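Contents: one structure, followed by commentary.
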Amino acid sequence: MTQKNRKQIEYAVSTQALEKLIPSKEALRLCEQISDGEISANDAVSFILKQHSFQKNW
């Protein structure tokens, strides 16, 4: 992960912390994989939906 991508994720997490929201470790891992080009954002969303027994209708 590039330094720029890491700072963007840190910014997003700190913004969520202000609203008392905490992303899961799994969500952060998926963000890292997206920034490294290992998976697409759509794949990450599908993974999270599947993990929570939801279906993607798009």
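With this note's numbering as the guide, the letters of the sequence shown map in order to residues -14 to 43.
Cβ atoms here follow ideal geometry from the backbone N, Cα and C, with glycine treated the same way.
Nothing here was measured: the structure is a model prediction, and the numbers come from that model.
- Contact annotation: A26 and I33 have beta-carbon atoms that are not nearer than 8 Å.
- Excluding the 5 residues flanking it on each side, S(-1) has no same chain C-beta neighbour closer than 8 Å.
- Taking every protein chain shown into account, the CB of L15 has 16 or more other CB atoms within 10 angstroms, so this residue is buried.
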